[in-house]
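Peer 1: Residue numbers (the UniProt record's numbering): 1 to 107. Pasting in a structure now, in structure tokens, and then I'll have a few things to ask.
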Amino acid sequence: VGHEYVAAVGVVPDDRVKDRTQGHQSILGQLVLVAKEVMELQNQPQSEEPVTFQMGIHTGPVVAGVVGQRLPRFRLFGDTINTAARMMQKGLPGEVQFGEATKKELP
Numbered sequence: 001v002g003h004e005y006v007a008a009v010g011v012v013p014d015d016r017v018k019d020r021t022q023g024h025q026s027i028l029g030q031l032v033l034v035a036k037e038v039m040e041l042q043n044q045p046q047s048e049e050p051v052t053f054q055m056g057i058h059t060g061p062v063v064a065g066v067v068g069q070r071l072p073r074f075r076l077f078g079d080t081i082n083t084a085a086r087m088m089q090k091g092l093p094g095e096v097q098f099g100e101a102t103k104k105e106l107p
């Protein structure tokens, strides 16, 4: 069973601190570190089905909003989301892929 999650940092104005040790750059760095920990867990022997993990990160603008009347859901749209999804889909299990724009934002 596949699960896919989308996370966005820097959406709230308080997250837009220019100091790379605080704000969304720090959150992005923490996300990459957590991804590394998850990848290490996937390499441990499993008693059931193996866990695989792929991650694509892209930095850029998004459009966000609540969509739906009966079952409203918060959604993110735009080239940034599409690029991150393609990076994840093309990646190998156990890898985090990101481009130059994201690399520049890391602490």
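Using N, Cα and C, we set each Cβ at its ideal position, and we do this for glycine too.
(1) Go ahead and pull the three-state DSSP assignment for glutamine 69.
(2) According to DSSP, is alanine 7 part of a helix, a strand, or is it coil?
(3) Please report how far the alpha carbon of valine 62 lies from the alpha carbon of glycine 91, in whole angstroms.
(4) Compute the distance between the beta-carbons of alanine 8 and threonine 59, then report whether it is under 8 angstroms.
(5) So the beta strand (DSSP E) valine 96 belongs to, where does it begin and stop?
(6) State the Cα-Cα distance for the pair isoleucine 57 and isoleucine 81, rounded to the nearest angstrom.
(7) What would DSSP say about leucine 76, mapped onto helix, strand or coil?
(8) Using only CA atoms, which one of Glu95, Ala64 and Glu40 lies nearest to aspartate 79?
Peer 2: Inspection of the coordinates gives the following:
(1) If DSSP states are grouped into helix, strand and coil, glutamine 69 belongs with coil.
(2) Reduced to three states, the DSSP call for alanine 7 is coil.
(3) Whole-angstrom Cα-Cα distance: 22 angstroms.
(4) no
(5) Where valine 96 is concerned, the enclosing beta strand (DSSP E) starts and stops at 95-98.
(6) 9 angstroms
(7) strand
(8) Ala64
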